[in-house]
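Have a look at the structure below, then the notes.
Residue numbers (the numbering used here), protein chains in the order written: chain P, 1 to 479; chain S, 1001 to 1479; chain A, 2001 to 2479; chain U, 3001 to 3479.
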């Protein structure tokens, strides 16, 4: 089978019929035709079609070691630097097609799964751990081009440092029973982006948040598993017009809470369970951070390029390139972009084989980039607002241009260099990226992509080899 | 007649039938029942009703010097510091009722009109100027409690310093003819908030932007004047539910472009025309800056209180009060709030009689506050996002709580201190203020309230008496 | 006796002969002629002489309630708002004379002593407390115009939250014995500015830092008390030329470590001892924070005026007023200055009588100002560096102007508006305030005046009445 | 001859006897024994000795293509990426030896000269240009290991955009005559660091600042040329003790104004003159920016490592590693360091041959790094001050430790982890880098290394290929 087309993806999703709730109603009918999901599904379908575009097919697929079929290159566990650069190219293609806007594009999740599976040997011989299940799932996913979402985080009930959940009924999902068929999960997980819109849900526990062994597990199950519910947040689609809502009409990915209502996870789907040590250590040792951060950084670079281009387009439209404060703001974006690129390149140049033979990019520059982006992305958005100024607000809709007042709009909304229609189109895009509910969710999403920025800062410092620099100072001071 | 009630306001607006275009359609039917406007109109009606609330009626009205009727206190031209403090109290009442969210509340526009009219003597004897018309309009407005919008700014075609409009057909509204009945205006003006939803439109030219004498005029005309069109931007109402959209459902004020399609402004409505010198100097000399900035600062203080309360509510809900970085962020809001209050008080303490006998607040502390708020408001909003974190995103709708999944929500979205329903309600309010299209428009609006912040900074410096401090340094240096 | 003259001050200090160590040597000879101290002592003497300047004598003194002699107004415990405004005026005189540069000017310390003494009733009936000693000291100080330093802080050995000192030999000064004559103190205190250069040292314990009851005490002793040693830090005097070092030549106050080498504090000098509760509570309840912060804020305003004047002088000298980024930076200083003034005025307007009948300024605006200044002062200094640019560096000395190369300097260092000599003089002043060792110590001093800024932020938030704002939001949300 | 030793350098400098003025006196005697210069000269001598250190000699020299002697590798015009990496290694050695503190280390100036000479072909056939002189000077310098300073900037008389110098007597150095022997220069140049302490002065005009052709020239002359004067700024040496002044005692480089008092520059020393077009274009086309920025960035990375090590040492000394705000500040330094490294690596990876066959590092990442460092270096210094807090101030001198009060210091200044002596030594180093007059000059120097940061931002933006990103957005919008 191998790499699927957009239509194959749509057909498979439409047959799934998972339990999704939105605005108080259970979703029914074809997902690809539902107003809440069709924009995203079409955008993802276009991504899958890229795999069959003769011009770039070879850059997006590789021959399956099992079947020889062309399978998605995001599944490739790189063994050489060339492999890594192939991965970069492939990720750039996916990201460019969506301008870096789609966070949970298939290549991201395939990368996550690959990173876990290519480190599966870690699980060998560990208690309550089943590496073979993880490898089998990965191979199945690769051969069938399965789509995934993941959920790592438990509900945000109480963020105090001293809090311990101790209610009788679980809030955070946990193993409440095990039997011959598998383990039984009850409780919830937070923020599965595209939850319910993928073949499978990958569920992993992240060690540091675990206080109960029962919350320490990893598995993958189909989205339509019995007892599995996806509860959507409010939609951020502004409308169907791609003039009015150029981004939200196509890229609203939806986030949902995942409820496990006594969900049976069959044994062959379990990677490990009830093992806090493994949950904590696996995430540290496996290549997840290296490969996931590599994919994310490439996407963020493409997104930054998009922001740079769009901001420059605003500048040209209203002719403000001459102002020094505009120049300084633009230089901030350029510095950000070039910095991200340099960090990416360094992570690739310094890639090295891990203990399981995979060519991991150096994770340090990627961590630095992750820290940085959580701060500079919101600033880029602010810069866009500051350059667009009041022009970001008084924007009529597409329908206005198809009405008797068109000639008024043409006359009064023209800009220095653009007709009114184009000017409004450009500013609406800037608005949708920086000021719509869709856009602000993007900001929050990038800010928290890898967790609380405050904690990321601490982690960076506490894991950094500062002592070698201390030694030099001590040497200078003869201490 | 005097101060009107909410119902009187609604009735009058409903009879107006101005030419408003939204989303390509001419608005028809009762404005107060139109989905785009009813929330705002009801909110404004509630404000007018305050004037008849026996508990505070005396703080919101004063006896008309003409009729003796109770008229709106926002029309009062203060002659003493007591008058000024009465005005503060009155503005606080209006602002508190809307949490500082409504920018163009009636007291703001009444204040603007009062500030112009109480400086009308300036226009005496000036060419093409008619102070008596301004005074008459003011008195009519006061006695009938007319509602206004205003428009000061010309379209943003080209923001280069060197740009001069030289097309044949006007873009910026200008006088294209004068005849026995009055002057004829053609062209457009930008950003009339609540445009079309008020009895009258106050049109003033602001001197510095004028390159043509024909663009230098001031008048007021009814919203339903022939040839006058209001073209709405896209609406930022998220929906009717005040659980889901607690702010936009009630406070979306709409902004519109005002088109003058050969509009005849009768002579008795003209305050001045074709006089660039007057346009420039009147704004400098009249009490507009002092009184308008006084009203705005009071509203912004109330809004900051609302932000402080709401942010603290987020903190309590998820129990993060113990974190030092949270404490530091909250101290930023507190410092902002206390600073604004101190500046307000100083402007009142240092009020003085102007040449026309009006007790003007000192404008310097108000300018400082205006500069400051354009920078700290966006930071407050950012702080709210940083404290709410990912919890700002995954928010189900009200309907979800009235559906079979309610018990899941109750269990999985509960917070440290609140049931799920309350927690979601609180976070939706924070989202609506900081991340919805309505909220981001608020941010942009506060940022640009008195114009480009960069220019405000320059103005503050260039008008500040720095030389007295230079002298002291010269003295110290014996120069 | 009453308010002393500069000469009286000098004579008294010269007779004192305290044990001061600087650069490894015990200081001997007349302090007023010692290169390390003479600049400061002359500057202080000039301040004392102000009290006899007929033009302002009445604004600097008041008749002693005991002797009727004119005594320093900084000793006045204000009973009315008029008293408070008199204090403001007096502080302005002192601060203006030294441009706000001298942090431990006599009015500061007199204010501190007055604030303790006017709250002495608090100590009545408390264990191991002797309010009568405090009042007696205050009266003596007032009648004799004694000069003071104070020391509140214990040595910075270990700043971890969990640290407890447990060595055998005390580091932080503590009571190691008591006998018929008094209590015996051994250990050290940190950072007595002007330590050894004043009649007395006021020693207070600040509650929150106390882990041992033996560290909880308060007293005042003469600087030449047996066993009392002052160990100076390195001097920041750049040289004697007031062209080259206009500030450090006159205002270097020196900071010293105070060592108590079994110092006997006579009973009549002890205010309280071995009482942690009193140490903690007295500081909270007494008027120290209100009056000290009032004095400090007035000084900081004068200093900000000096910075504003000097920065403008740089701008005029090199003719950069036209640049928007320069204008924006200057507006930052102006906003800071006006904000501080407004906060000061608010604290005075809202002054109220405390339980002991003293008219205390409202402490909240003063706390806000203190928080703010610790952040904006370093920014002001940075602005000065950014405006002065490379011109801050290449500055020849005064001697260069009295040498054969004078004509080269005159030609090549002239500025747009100033001869070379004046230009260098102006830039050297800017350098001495912002870049010399003296200047950077000033920055650090203002940054930490009232303690760690991070802790100040937390304190502000944790003591602020946020709940009333939460209530309004709850009301709006019907929670 | 080739690479010299420290002693050879000292001997040569001592024979030079240039006209240097400091503090109003003409310097006489051996420069290497003069208090103002001996620290620097010894530090430079140690750098030259590195070239003879058998362990690293091969990394610091290469065989002269003329003589075969080992000559300094900083003179190597790289032809391959391997050459470029050799240059990196060599620069790291020099920088590490001085912790990145010495800005005008010989490798910097050799690099500058190499970059000009290796682009000398540009001058071929240009009017009033003599490329052969430039090449000859370079070869002489390489073979004799000559030391240089340079001066590019004209005096800062008036920074207004509209200023034109029009006095009769020149301020900026210019050609006032030419004759058979050469050209005659009168006027001044600014800020020659180490001016008078080098064999030669390299004088270049930078195009954009030129309004008169007579100011457009380039040449090199010996420091003891007749009529050439160096006027020193005030010295920033704090003293001779390397405990008290660990940096300024060794690394104070001095800056001086260079006066040309009718200096005759022989024709064989002139590279070009009276040619504004060449002055402007040569700097753009030659490899100066690429190679100079490459050297500078490597040095700045080494300096950042030193800052990181020193700051960590402060943290360890007072035991504050546990505080989140400390962790966040340290992460800022780490992010800065890693970013600079990544940009350096990228510039090397993307190096390419220029039209004259030299392997130039890619200048864009270097420009980005230059922009960045001018902002982050001052922040690093601020972080050091914030972490050191009041402990940066109360620092006794070395002599204090060799005196009777040593035991007091030992007891009361001990830290959590260090004896008092070491603690004071560490803090004095932090003080000397961040707060002494030497340290603040370093800050200003790094901030302005490549010119006004505001202008650097504009240059970066205005030279950046933004249009390719605009095209992508236009494509997305179908414009």
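Every residue gets a Cβ at the ideal spot worked out from N, C-alpha and C, and that includes glycine. Computed from a predicted model, the values in this text were never measured in an experiment.
Selection from the options that minimises the alpha carbon distance to residue i
i	options	result
residue 370 of chain P	P/451, P/393, P/431	P/451
residue 509 of chain P	P/20, P/358, P/435	Residue 509 of chain P is absent from the model: chain P starts at 1 and stops at 479.
residue 2136 of chain A	A/2066, A/2023, A/2447	A/2066
residue 182 of chain P	P/254, P/273, P/173	P/273
residue 3445 of chain U	A/2187, A/2375, A/2246, A/2386	A/2386
residue 407 of chain P	S/1383, S/1261, S/1379	S/1261
Neighbouring residues, chain U, relative to residue i (Cβ below 9 Å)
i	result
residue 1327 of chain S	Near residue 1327 of chain S there are no residues of chain U at all, since even the closest Cβ is about 11 Å away, more than 9 Å.
Inter-residue CB distance, residue i and residue j (contact presumed, cutoff 8 Å)
i	j	result
residue 1263 of chain S	residue 1225 of chain S	6 Å
residue 3312 of chain U	residue 470 of chain P	5 Å
residue 2337 of chain A	residue 2308 of chain A	6 Å
residue 1319 of chain S	residue 160 of chain P	4 Å
residue 2104 of chain A	residue 2194 of chain A	5 Å
Contacts of residue i in chain A (Cβ-Cβ under 9 Å)
i	result
residue 324 of chain P	2323, 2324, 2325
Neighbouring residues, chain S, relative to residue i (Cβ below 7 Å)
i	result
residue 233 of chain P	1393, 1394, 1395, 1396
residue 2151 of chain A	Per Cβ cutoff of 7 Å: no residues; residue 2151 of chain A is ~27 Å from chain S at best.
Beta carbon proximity, residue i to chain S, threshold 8 Å
i	result
residue 23 of chain P	yes
residue 2289 of chain A	no
residue 412 of chain P	yes
residue 194 of chain P	no
residue 249 of chain P	no
residue 402 of chain P	yes
Contact set between residue i and chain P, taken where Cβ atoms lie within less than 8 Å
i	result
residue 1441 of chain S	393, 435
Contacts that residue i makes with chain P (C-beta to C-beta distance below 9 Å)
i	result
residue 1389 of chain S	156, 159, 444, 447, 448, 452
residue 1490 of chain S	Absent from the model: residue 1490 of chain S. The displayed extent of chain S is 1001 to 1479, so no value can be given.
Beta-carbon contacts of residue i that lie in its chain and below 7 Å, excluding the five residues immediately before and after
i	result
residue 1219 of chain S	1203, 1265, 1269, 1270, 1271
residue 1306 of chain S	1099, 1100
residue 3128 of chain U	3272, 3273, 3274, 3275
Close beta carbons around residue i, own chain, < 8 Å, minus the five adjacent residues each side
i	result
residue 358 of chain P	77, 78, 79, 118, 119, 287
residue 2150 of chain A	2109, 2112, 2192, 2201, 2202, 2203, 2204
Chain A contact residues for residue i, given Cβ-Cβ distances below 7 Å
i	result
residue 3385 of chain U	2444
Residue-level contact to chain U via CB, residue i, 8 Å cutoff
i	result
residue 2 of chain P	no
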